[in-house]
Amino acid sequence: MAKNDLLGGSLWDQYSNKVTTLMNNPQHQGEITEEAAAEHGNKLIVADFGAESCGDAVRLYWEIDPATDTIVNSKFKSFGCGTAIASSDVMTELCIGKTVQEAVKITNIDVEMALRDTPETPAVPPQKMHCSVMAYDVIKKAAGLYMGVDAESFEDEIIVCECARVSLGTLQEVIRLNDLKTVAEVTDYTKAGGFCKSCIKPGGHEAREYYLVDILENTRKEMDKEKMAAAADAGSTGDFETMTLVQKIKAIDAVIDESVRQFLVMDGGNMEVIDIKASDEYIDVYIRYLGACSSCSSSTTGTLYAIEATLKEKLSSKIRVLPI
Amino acid sequence: MQVYMDNNATTMVDPQVLEAMLPFFSETYGNPNSLHKFGTASHPAISKAIDQVYTAINAADADDIVFTSCATESNNWVLKSVWIDKILNDDKNHIVTTEIEHPSVLSTCRFLEEQGVKVTYLPVNEQGIVEAHTVKSFITEKTALVSVMWANNETGMIFPIKEIGDICKEKGVLFHTDAVQAVGKIPVDLQEVHVDFLSMSAHKFHGPKGIGALYIKNSQELSPLLNGGEHMGGRRSGTLNVPYIVGMGKAIEIATQNIEAKMADIRAKRDRLEDALLETIPETMTVGDRENRTPNTILISIRGVEGEGMLWDLNNGQIGASTGSACASEDLEANTVMLAIGADNELAHTGIRLSLSRFTTDEEVDYVIEHFKNAVSRLRAISSSYAKVGPTKGGEVQECELHHH
Chain A
977 MAKNDLLGGS
987 LWDQYSNKVT
997 TLMNNPQHQG
1007 EITEEAAAEH
1017 GNKLIVADFG
1027 AESCGDAVRL
1037 YWEIDPATDT
1047 IVNSKFKSFG
1057 CGTAIASSDV
1067 MTELCIGKTV
1077 QEAVKITNID
1087 VEMALRDTPE
1097 TPAVPPQKMH
1107 CSVMAYDVIK
1117 KAAGLYMGVD
1127 AESFEDEIIV
1137 CECARVSLGT
1147 LQEVIRLNDL
1157 KTVAEVTDYT
1167 KAGGFCKSCI
1177 KPGGHEAREY
1187 YLVDILENTR
1197 KEMDKEKMAA
1207 AADAGSTGDF
1217 ETMTLVQKIK
1227 AIDAVIDESV
1237 RQFLVMDGGN
1247 MEVIDIKASD
1257 EYIDVYIRYL
1267 GACSSCSSST
1277 TGTLYAIEAT
1287 LKEKLSSKIR
1297 VLPI
Chain B
36 MQVYMDNNAT
46 TMVDPQVLEA
56 MLPFFSETYG
66 NPNSLHKFGT
76 ASHPAISKAI
86 DQVYTAINAA
96 DADDIVFTSC
106 ATESNNWVLK
116 SVWIDKILND
126 DKNHIVTTEI
136 EHPSVLSTCR
146 FLEEQGVKVT
156 YLPVNEQGIV
166 EAHTVKSFIT
176 EKTALVSVMW
186 ANNETGMIFP
196 IKEIGDICKE
206 KGVLFHTDAV
216 QAVGKIPVDL
226 QEVHVDFLSM
236 SAHKFHGPKG
246 IGALYIKNSQ
256 ELSPLLNGGE
266 HMGGRRSGTL
276 NVPYIVGMGK
286 AIEIATQNIE
296 AKMADIRAKR
306 DRLEDALLET
316 IPETMTVGDR
326 ENRTPNTILI
336 SIRGVEGEGM
346 LWDLNNGQIG
356 ASTGSACASE
366 DLEANTVMLA
376 IGADNELAHT
386 GIRLSLSRFT
396 TDEEVDYVIE
406 HFKNAVSRLR
416 AISSSYAKVG
426 PTKGGEVQEC
436 ELHHH
């Protein structure tokens, strides 16, 4: 709570122009019939997610060229609020032209990014981030139908916060590494729980399998146990500078996964570690920026310093980060 | 044209009310507690406003009606002071209220529960009202207070206040009613019904925001919520808000004079609107028996059209309405009234409330009918509930999947 939170009722003011425009005039609203798809020699896939009694529902139509698995046309129908309709619309747009295998990689964050007017400003207020999650869920379901596999098989990790796409593994790591003690701290570090708030504790917007309160409690219990175990056989911890190259890459990757990557991804970018060269004076970490990061001006200034500072703090003061 | 149909949220200040208030800002501005003539100059106007409020609800001279800042304050005052007087400093420990009270009652009750008070939240029937016998069955020896609203803000449904008042009187339990949606809309006669405390708010009957009142029968004990100077006989401290008190008096007088005729006029427009919507738009339903509803309120559920989306389209058509849909709230919590009436039906997501006032015109009603139909057509064309091509085998939704509430 502070000055900017004093006045309520500004929900709609926080929608991007794109959300407003698409709500007023969705571009891909409609249906594709079996006959129309067959006429082009294509396969029709129709998937539902949600229901009217749940408050939001979406039906996704894909017309797929079976020779290439390419989604040549896509439509949607939606029972939902403005942001749900706009999210569905942009979702279909993102699907068109992609193969089914590529489409499955579209996340709710991609949908929300595509609704932004400018890369820095969120398209919807935090509690509406949830609307774009439906898009992600229905795509997985459609792809599962087409490929004849279970939709759940596309998910290789347990996602605790769907809005910010934060996994159970990430949460546990971040809690450990930063010695987090409250859910508010977990939200500050990972953004998990900062949107629709369902994953914080039972009783929110929707029931979840995992809640931040439990994850925090269990992780801290484990940490306490490990502390005791460590105290019992003290002195056997590894030192970054004496690690093998493979161990170093793993350690750096772990730090980036825990503390860096999610912030790049939130802004539409990413990074990868290319090589590590160690001398007596420095440990040079060569990285490559991906997506929006590669053209972002702060990738050679603020973001770079932040990555370097994190690695220095967590691993070794000798580290230099060099983008290539 | 733009049409305001959200009069259960707040109302326009009647120009006659504004006119009555204006002299008390820059002309007669003295503090009424001062002894000099600048202060006492406002006394006749305040006395008149007091008379107007007493007359409007037929209060006796032995009763107190204390001006407050709003009905939220009045509700907090009753609940918190009954807690202090009858629970902390006496042997009671229980409050009875309903599931569908205004947040100023519900969240105060939840606060009191945290302090150790037992609170019973009574369920409502399919009409959205609490039945008197239900209230009776939950009163115990330890019950300090029954708090039941006179009329509901979302549905307009009118509660059996006379019966509940009689039960409380018989059982010797204090009775409070939040009459915010009743005063000025339907007859409220405190000689006809037994009520210990009654909350009201001026901005619901074409008075200004920021002024309300609490009626206290027989000037009985109720510790002050605001301690301070000896304003309002020490019952509620704070310099008297003279222009607003004058405005509330004028507003309640206008609203309650010939109230039967005013009600009939609003009801005719409301019924015409309701009939037109129900008859011309298939798969719609309204909540609650019209005869037992405040004459200005319609709560309509439109199959396949989510409430916030509908509100958006109405707003684009220059119409102000309201929805209890979870999607339209800051916290994504579905409206408690909608959930209480029918936990699993779509009402919680598809309910639109239209609330008229005595300033609503026939042209406005026509305009709303037209635009309402257009908005429903557009949104149903997008709606998955009305899609014709069904899902691929295996692509159906079994239940709410992850989205169960």
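Residue numbers (this note's numbering), protein chains in the order written: chain A, 977 to 1300; chain B, 36 to 440.
Every residue, glycine too, gets a C-beta built ideally from N, C-alpha and C.
Just so it is clear, the structure is predicted and the values come from calculations on it, not from any experiment.
Just to confirm before moving on: does the CB-CB distance between Cys1030 of chain A and Ser1050 of chain A stay below 8 Å? No, these two residues do not count as a Cβ contact at 8 Å.
Any idea which residues DSSP pairs Glu1039 of chain A with across the strands? In the DSSP output, where bridge partners are listed per residue, Glu1039 of chain A has A:Leu1020 and A:Asn1049.
Under 7 Å Cβ-Cβ, which residues of chain B neighbour Lys1074 of chain A? Those do not exist, as Lys1074 of chain A stays about 19 Å from chain B at its closest Cβ, beyond 7 Å.
Neighbouring residues, chain B, relative to Gln1223 of chain A (Cβ below 7 Å): What Gln1223 of chain A touches in chain B: nothing, since even the nearest Cβ is about 39 Å away.
Between Lys1117 of chain A and chain E, is the shortest Cβ-Cβ distance under 8 Å, so that the two count as touching? Here the protein chains are A and B, and chain E is not one of them.
Please state if the CB of Tyr1112 of chain A and the CB of Ile1021 of chain A are separated by a distance shorter than 8 Å. no
If you follow the alpha helix (DSSP H) that Glu1284 of chain A is part of, which residue opens it and which one closes it? Gly1278 to Lys1290
Ser1212 of chain A (DSSP reduced to helix, strand or coil): The predicted model places Ser1212 of chain A with a pLDDT of 37, which falls under 50 and marks its position as unreliable; any figure quoted below should be read in that light. Of the three classes helix, strand and coil, the one that applies to Ser1212 of chain A here is coil, per DSSP.
Under 8 Å by beta carbon: chain A residues contacting Pro426 of chain B: Val1022, Ala1023, Asp1024 and Arg1035
One question on the structure: do Thr46 of chain B and Lys220 of chain B come within less than 8 Å of each other, judged by their Cβ atoms? Taking 8 Å as the Cβ cut-off, Thr46 of chain B and Lys220 of chain B do not qualify as a contacting pair.
Determine the closest residue to Thr178 of chain B out of B:Ile287, B:Leu209, B:Ser418 and B:Gly74, with distance taken between C-alpha atoms. For Thr178 of chain B, the closest alpha carbon among the candidates B:Ile287, B:Leu209, B:Ser418 and B:Gly74 is that of B:Leu209.
Cβ pair Arg328 of chain B, Ile193 of chain B closer than 8 Å: yes
Flag this pair as yes or no: are the beta carbons of Ala1227 of chain A and Leu1280 of chain A separated by less than 8 Å? No.
Extent of the continuous beta strand (DSSP E) run through His129 of chain B: His129 to Thr133
Residue-chain proximity (His384 of chain B, chain A), Cβ-Cβ < 8 Å: With respect to chain A, the C-beta atom of His384 of chain B has a partner C-beta closer than 8 Å.
For a cutoff of 8 Å on Cβ pairs, would you count Ala1099 of chain A as touching chain B? no
Pick out whichever of B:Asn128, B:Phe232, B:Ala303 and B:Gln255 has its Cα sitting closest to the Cα of Gly154 of chain B. Checking the sequence, you will find Val at residue 154 of chain B rather than Gly. Of B:Asn128, B:Phe232, B:Ala303 and B:Gln255, the residue nearest in Cα terms is B:Asn128.
Output the distance between the C-alpha atoms of Met1110 of chain A and Asp1132 of chain A, rounded to the nearest integer angstrom. 18 Å
In or out: His168 of chain B buried (at least 16 other Cβ within 10 Å) or exposed? exposed
Apart from the five residues on each side of it in sequence, which residues of its chain come closer than 7 Å, Cβ to Cβ, to Ala1268 of chain A? Pro1095, Asp1243, Gly1244 and Gly1245
Following the continuous alpha helix (DSSP H) through Asp213 of chain B, name the residue where it begins and the one where it ends. Element bounds for Asp213 of chain B: not the alpha helix (DSSP H) but the beta strand (DSSP E), Leu209 to Asp213.
I need the straight-line Cα distance from Lys1081 of chain A to Ile1115 of chain A, nearest angstrom please. One C-alpha to the other measures close to 9 Å.
Between A:Asn980, A:Val995, A:Pro1002 and A:Asp1024, which lies nearest to Lys423 of chain B when the distance is taken from Cα to Cα? A:Asp1024
Give me the residue from A:Tyr1262, A:Ile1232 and A:Ser1174 with the minimum Cα distance to Ile1321 of chain A. Absent from the model: residue 1321 of chain A. The displayed extent of chain A is 977 to 1300, so no value can be given.
Within the same chain, show all residues whose beta-carbon is closer than 6 Å to that of Glu1182 of chain A, passing over the 5 residues directly before and after it, in chain order. Non-local C-beta neighbours of Glu1182 of chain A in its own chain, meaning closer than 6 Å and more than five positions away in sequence, comprise Ser1174, ordered along the chain.
Please confirm if Leu1156 of chain A has its CB atom under 8 Å from at least one CB of chain B. no
Look at the alpha carbon of His1106 of chain A and the alpha carbon of Val1087 of chain A, and state the distance between them as a whole number of angstroms. 11 Å
So is the beta-carbon of Glu309 of chain B under 7 Å away from any non-hydrogen atom of the ligand FMN? Inclusion of the ligand FMN in the displayed structure is not the case, the ligand content being empty and no account of it being possible.
Does the stretch 218–234 of chain B come close enough to the stretch 68–85 of chain B to have 3 or more Cβ pairs within less than 8 Å? Contact between the stretch 218–234 of chain B and the stretch 68–85 of chain B is absent, because fewer than three Cβ pairs lie under 8 Å.
Proximity to Glu62 of chain B [Cα-Cα], best of B:Lys115, B:Arg388, B:Pro278 and B:Gly207: B:Pro278
For Leu479 of chain B, the nearest candidate out of B:Cys105, B:Leu313 and B:Lys171 (CA to CA): What the structure shows of chain B is the stretch from 36 to 440, and residue 479 of chain B is not part of that stretch, so it cannot be assessed.
Within 10 angstroms of its Cβ, does Gly429 of chain B collect 16 or more other Cβ (buried), or is it exposed? exposed
Which same chain residues, not among the five before or five after Gly273 of chain B, have their C-beta less than 7 Å away from its C-beta? Leu261, Gly263 and His266
Can you tell which of B:Arg325, B:Asn276 and B:Ser182 has its C-alpha closest to the C-alpha of Ala299 of chain B? B:Arg325
If contact is defined by three or more beta carbon pairs under 8 Å, each pair taking one atom from either stretch, is the stretch 87–101 of chain B in contact with the stretch 283–298 of chain B? yes
Taking only beta-carbon positions, decide if Gln1005 of chain A is within less than 8 Å of chain B. yes
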